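Structure first, commentary second.
In this note's numbering, the protein residues as written are 3 to 372.
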């Protein structure tokens with residue numbers, strides 16, 4: 003991938019604006035439906051409003067454990083949406099205060115342990131809190147996603163299948179995320195290793211694999227968990243890599259690619275900070291990018307995958323990732339002087355950008371010509 007295409011990726015990265023809203027005097031009758039990002043809770047404005055509503059309800063009912071936890075989760079989801087899937091230190095500090103408050107109001111409760119799980123994540127100690135939360139409320143739907151991740155983290159195949167099926171049947175995953183997941187999986191080669199960002203791309207991809215039997219050849223890695231040396235070793239071993247596993251971060255990805263015969267890909271959902279560190283070694287193939295230290299011609303693969311993708315525009319912020327492969331392909335057609343293909347793709351990309359509210363962004367970057 004060239005520096006030009008990486009610049010496009012950084013410009014097109016989604017970050018929703020922070021929404022200021024007035025909170026009603028009474029929130030009990032207006033308590034919102036709680037959604038995690040993979041369920042559709044991906045709008046920062048909505049999540050901030052929800053956190054305010056839950057906060058008013060907490061003021062009215064200080065011992066309402068559900069309201070306390072939902073206020074915490076809404077604040078967390080708002081931060082993730084504002085910051086392209088990451089939580090900055092200032093927001094994390096505020097979340098830690100909320101988690102401690104839950105622990106004070108309802109010590110040793112399901113809500114207190116789940117809040118601590120999220121506050122400590124991805125440190126290994128977070129999973130002790132998850133175990134405590136499971137002991138307090140094993141049938142709670144809030145645990146489906148975390149238990150799936152933990153099953154994969156600990157290489158527990160039976161539990162991975164169990165929670166993959168639960169995510170499919172009870173997880174309320176946003177419908178278009180399933181379609182986007184299919185598009186991500188067709189973007190990688192056979193026996194690929196795919197590094198993912200987490201809840202919105204890893205969870206549905208694991209469920210596709212272990213509940214539906216789709217693309218079982220792909221090793222899906224949750225990049226967030228690479229802080230855990232045991233998980234890094236598990237990934238290293240599963241990849242059939244030679245030598246010893248390296249430290250976390252971009253160096254791990256590069257070292258793994260050099261130590262295994264399997265092709266390595268990165269989900270486009272991964273944040274720009276990680277992508278920037280390896281921008282000259284990434285080649286976009288759809289909703290993923292192939293890592294390679296040597297020059298690759300990715301255009302034939304990208305062209306084939308673009309035609310095959312469903313282009314799920316109602317998949318929240320991840321839907322904007324379709325703009326990058328489309329833009330790269332369009333610029334290639336223009337550079338090659340293929341006016342017919344360029345014209346058809348520009349029309350398609352303009353329609354796609356219109357649905358995603360990204361027309362002005364593509365005009366500013368020169369992808370769309372007025």
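All residues carry an ideal CB built from backbone N, CA and C; glycine is no exception.
Being a predicted model, the structure only gives us computed values, none of them experimental.
- Report yes if the C-beta distance between residue 206 and residue 180 is below 7 Å; otherwise report no. Residue mapping note: residue 206 aligns to position 204 of the chain shown, counting from 1. Residue mapping note: residue 180 aligns to position 178 of the chain shown, counting from 1. Between residue 206 and residue 180, the gap from beta carbon to beta carbon is short of 7 Å.
- Determine the DSSP secondary structure at residue 198, reduced to helix, strand or coil. Within the chain shown, the letter at position 196 stands for residue 198. Three-state DSSP puts residue 198 in a strand.
- If you drop the 5 nearest sequence neighbours on each side, which residues of the same chain put their C-beta closer than 8 Å to that of residue 242? As a first step, residue 242 must be located in the chain shown, where it is residue number 240. Result list for residue 242: 262, 263 and 264, in chain order.
- Secondary structure of residue 268, DSSP reduced to three states: Your numbering for residue 268 matches position 266 in the chain shown. Looking at residue 268 - three-state DSSP - the assignment turns out to be strand.
- Cβ shell of residue 361 (< 6 Å), same chain only, five flanking positions each side left out: Numbered from 1 along the chain shown, position 359 holds the residue referred to as residue 361. Excluding residues within five positions, the ones whose Cβ falls inside 6 Å are 355.
- Message: On the DSSP bridge list, what partners appear for residue 224?
- Response: If you number the chain shown from 1, residue 224 lands on position 222. DSSP, once it has assigned bridges, lists 198 as partnering residue 224.
- Task: Using three-state DSSP, classify residue 291 as helix, strand or coil.
- Result: Here the question's residue 291 lines up with position 289 in the chain shown. In the structure shown, residue 291 sits in a strand (DSSP, three-state: E or B).
- Task: Tell me, to the nearest whole angstrom, how far the beta carbon of residue 203 is from that of residue 271; I am working on the premise that it is less than 8 Å.
- Result: Taking the first residue of the chain shown as position 1, residue 203 is located at position 201. Taking the first residue of the chain shown as position 1, residue 271 is located at position 269. Yes, residue 203 and residue 271 are in contact; Cβ-Cβ is about 5 Å, under 8 Å.
- Query: Roughly how far, in whole angstroms, is the beta-carbon of residue 285 from the beta-carbon of residue 298, given that I think they are within contact range, below 8 Å?
  - Reply: Stepping through the chain shown from its first residue, residue 285 is reached at position 283. Stepping through the chain shown from its first residue, residue 298 is reached at position 296. The pair is a contact, with the Cβ atoms about 5 Å apart (cut-off 8 Å).
- What separation, rounded to the nearest whole angstrom, lies between the Cα atoms of residue 26 and residue 100? Indexing the chain shown from 1 puts residue 26 at position 24. Indexing the chain shown from 1 puts residue 100 at position 98. Below a pLDDT of 50, predicted positions are generally treated as unreliable, and residue 26, at 36, falls in that range; no measurement from the model is reported.
- Query: Are the CB atoms of residue 132 and residue 119 nearer to each other than 7 Å?
  - Reply: Against the chain shown, residue 132 aligns to sequence position 130. Against the chain shown, residue 119 aligns to sequence position 117. Their beta carbons are under 7 Å apart, which means residue 132 touches residue 119 by this criterion.
- Scan the stretch 289–364 and note each continuous beta strand (DSSP E) run of 3 residues or more that stays entirely inside, going in chain order. Secondary structure within the stretch 289–364: the beta strand (DSSP E) runs of 3 or more consecutive residues, fully enclosed, are 290–293 (chain order).
- Item | Cα-Cα separation, residue 95 to residue 127 | Residue numbering aside, residue 95 sits at position 93 when the chain shown is read from its first letter. Residue numbering aside, residue 127 sits at position 125 when the chain shown is read from its first letter. Pairing residue 95 with residue 127, the inter-Cα distance amounts to about 18 Å.
- Item | residue 183 versus residue 332 - alpha carbon distance | Locating residue 183 in the chain shown gives position 181, counting from the first residue. Locating residue 332 in the chain shown gives position 330, counting from the first residue. Between residue 183 and residue 332, the C-alpha separation is close to 23 Å.
- Message: On the CB-based measure, 16 or more other CB atoms within 10 Å of its CB, does residue 234 come out buried or exposed?
- Response: Position 232 of the chain shown, counting from 1, holds the residue named residue 234. Around the beta carbon of residue 234, 16 or more other beta carbons lie within 10 angstroms, which makes this residue buried.
- Query: From residue 257 to residue 171, what does the alpha carbon distance come to, in whole angstroms?
  - Reply: Within the chain shown, numbered from 1, the residue matching residue 257 stands at position 255. Within the chain shown, numbered from 1, the residue matching residue 171 stands at position 169. If I take the Cα positions, the gap works out to 38 Å.
- Starting from residue 74 and walking both ways along the beta strand (DSSP E), at which residues does that stretch end? Position 72 of the chain shown, counted from the start, is the residue given in the question as residue 74. Note, residue 74: premise wrong, no beta strand (DSSP E); alpha helix (DSSP H) at 67–84.
- For residue 84, count neighbouring Cβ atoms within 10 angstroms of its own Cβ and tell me buried if that reaches 16, exposed if not. As a first step, residue 84 must be located in the chain shown, where it is residue number 82. Residue 84 is buried by the Cβ-count criterion.
- Would you identify the three-state DSSP class for residue 286, choosing helix, strand or coil? Stepping through the chain shown from its first residue, residue 286 is reached at position 284. Note: residue 286 maps to strand in three-state DSSP.
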